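Numbering (the working numbering), first residue to last: 271 to 768. In this text, a Cβ means the ideal position worked out from N, Cα and C, and glycines have one as well. Since this is a predicted model, take the numbers as computed values, not measurements.
Here it is as structure tokens:
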């Protein structure tokens, strides 16, 4: 078969879309919104989510905004707290994003974290747990925070302009929500990704139902239940990041992006292609070594985490009789039993949720977790007291099989209206519209093999052409061929069926 070269990210002539670098002039913006008319009122319901207003005691400098030509930057500025996200920051970011989306002068959004340690280490859950201890009012405020956070996450997921996240450093929980739904997620050698919510008696939120359930095989289920971290280039191979560059190149990349200029009528896809090509200019190579969750470990993940109950997953892990399996069992037994069961059901149901439905359903889950004792107990034990002992979970262990607790978390009671009002309507999807920007998914490769007959060499070349020679594509396709396919008598690749 003759393969036609398909390019998803053509590289246009730089002279068409770049301004001269010599004209770069930084224009700092105050955190306070200059035009309150852009701060849209959020619809109210019995969720308690209402207008997002800044409080007089909010830190005016916890987020810094900047403007250089067509680029608009958001810098999370709490380095002493690893840039953990709080209500004050959310209140500042939302109206600024809305303002920029309407502005003809704003072309590209870049979000980053201050300091060298973290992009954003998550939401400030310690403060939320402390508030919950005060009673019903504290629980209402915590629930309101998650509603505002998820509204911001959904706004990012449906944003109409190129949005680039520099996930340089620790990126967990709330930091994942600020980045993972964007078309461009840039990892560096300092990136440390994790969704560790089951460790603190919560669930993998901020859209985890959507993005984790759509990772290859059972990788998302594994990351959701264990909270396992991924470092550096591994976030790129896992599909969390779309690009990998060295952290020292980020300032130059930001300056380069500021030079980009788009015609007003240019379609969003074409703008994304230009931004993608620009980022690729700064990819100088990938570190040596394979993806840490590939090969035998990845096959074990798919074998063990395919089941729909935690007990069956544990049984499968025990049958592996490997050091990795023993470590994984020990990890799961330390987690909140309720969180584990909810997260597993979340991964199964989330595959069928749209991006909008995801945040609305996760808001219901968050509201119920705020009333469950495991959240306060987990945060207090792990983050405040920092004890090594297992928290006093309720129920205390996985031996207590009370699925009624799990069902209660997902059940919408008659007459109950907890639908989170979203900031944008009319935009919804089941798959990310920008999925071809990162590495090819296993599902994409499987669909190609069901359409075309190709030998291994042709398949690898096909994807190298499709992704315009993107680094990482060849090793990714080669790994998928070795794990997920067989070669028939004619030398063609066939998807393996169990």
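Asked: Can you list, in chain order, the residues of its chain with a C-beta nearer than 8 Å to that of residue 610? Leave out the 5 residues immediately preceding and following it.; Found: 468, 495, 580, 602, 668
Asked: Please list the terminal residues of the continuous beta strand (DSSP E) segment that includes residue 345.; Found: 341 to 346
Asked: Reducing DSSP to helix, strand and coil, say where residue 721 ends up.; Found: helix
Asked: Go ahead and label residue 360 buried or exposed: buried means 16 or more other beta carbons lie within 10 angstroms of its beta carbon, across all protein chains shown.; Found: buried
Asked: Using a threshold of 7 Å, state whether the C-beta atoms of residue 332 and residue 358 are closer than that.; Found: yes
Asked: What do you get for residue 615, buried or exposed, if any count of 16 or more other CB atoms within 10 angstroms of its CB means buried?; Found: buried
Asked: Where residue 644 and residue 336 are concerned, what is the direct C-alpha to C-alpha distance, given to the nearest angstrom?; Found: 40 Å
Asked: Does the distance from the C-beta atom of residue 472 to that of residue 500 stay below 7 Å?; Found: no
Asked: Could you check if residue 679 is buried or exposed, using at least 16 other CB atoms within 10 Å of its CB as the buried criterion?; Found: buried
Asked: Return the CA-CA distance between residue 520 and residue 595, expressed in angstroms with no decimal places.; Found: 38 Å
Asked: Given that a residue counts as buried once 16 or more other Cβ atoms are within 10 Å of its Cβ, and exposed if not, what is residue 730?; Found: buried
Asked: In chain order, what are the residue ranges of uninterrupted alpha helix (DSSP H) at least 4 long that sit wholly in the segment 729 to 762?; Found: 743 to 754
Asked: Just mark residue 681 as buried or exposed, buried being the case when its beta carbon has 16 or more other beta carbons within 10 Å.; Found: exposed
Asked: Using the beta-carbon count (16 or more within 10 Å), is residue 760 buried or exposed?; Found: exposed
Asked: Compute the Euclidean distance between the alpha carbons of residue 650 and residue 546, then round it to the nearest angstrom.; Found: 42 Å
Asked: With a threshold of 16 other CB atoms inside 10 Å of the CB of residue 430, please say whether the residue is buried or exposed.; Found: exposed
Asked: Using C-beta distances below 7 Å, list every residue in its chain close to residue 493, excluding the 5 sequence neighbours before and after it, in chain order.; Found: 465, 482
Asked: For the beta strand (DSSP E) that contains residue 433, what are its first and last residues?; Found: 433 to 437
Asked: Determine, using beta carbons only, whether residue 342 and residue 381 come nearer to each other than 7 Å.; Found: no
Asked: With a threshold of 8 Å, are at least 3 pairs of Cβ atoms found where one atom belongs to the segment 554 to 567 and the other to the segment 532 to 542?; Found: no
Asked: Within the continuous alpha helix (DSSP H) that includes residue 680, where are the two ends?; Found: 673 to 680
Asked: With H, G and I counted as helix, E and B as strand and the rest as coil, what does DSSP make of residue 278?; Found: Low local confidence applies: a pLDDT of 39 at residue 278 is under 50, so the model's placement there is unreliable, with the coordinate-based value given in what follows. Residue state, collapsed to three classes: coil.
Asked: Per DSSP, what kind of secondary structure is residue 532 in: helix, strand or coil?; Found: coil
Asked: Sort 476, 490, 420, 506 by Cα distance to residue 460 and report the nearest one.; Found: 506
Asked: What span of residues does the alpha helix (DSSP H) with residue 452 cover, start to end?; Found: Premise fails: residue 452 is in no alpha helix (DSSP H) and is neither H nor E.
Asked: To the nearest angstrom, how far is the alpha carbon of residue 323 from that of residue 408?; Found: 18 Å
Asked: Provide the residue span of the alpha helix (DSSP H) that contains residue 336, from first to last.; Found: Residue 336 -> not in any alpha helix (DSSP H); beta strand (DSSP E) instead, spanning 333 to 338.
Asked: Quick one: Cα of residue 299 to Cα of residue 528, how far?; Found: The predicted position of residue 299 is uncertain, since its pLDDT is 42 and thus under 50; a value taken from the coordinates is nonetheless stated next. Residue 299 and residue 528: Cα-Cα distance of roughly 16 Å.
Asked: With a cut-off of 8 Å on the beta carbons, I'd call residue 743 and residue 709 a contact; round off their distance for me.; Found: 6 Å
Asked: Determine the DSSP secondary structure at residue 516, reduced to helix, strand or coil.; Found: coil
Asked: Would you kindly work out how many angstroms separate the C-alpha atoms of residue 387 and residue 442, rounded to a whole number?; Found: 12 Å
Asked: For residue 377, count the other beta carbons within 10 Å of its own beta carbon; 16 or more makes it buried, fewer makes it exposed. Which is it?; Found: buried
Asked: So what does DSSP say about residue 503, is it helix, strand or coil?; Found: coil
Asked: State the beta-bridge partners of residue 415 as determined by DSSP.; Found: In the DSSP output, where bridge partners are listed per residue, residue 415 has none listed.
Asked: Would you call the segment 690 to 704 and the segment 416 to 434 in contact, with 3 or more CB pairs under 8 Å?; Found: yes
Asked: Apply the 10 Å Cβ neighbour rule to residue 565 and answer buried if 16 or more other Cβ atoms are within range, or exposed otherwise.; Found: exposed
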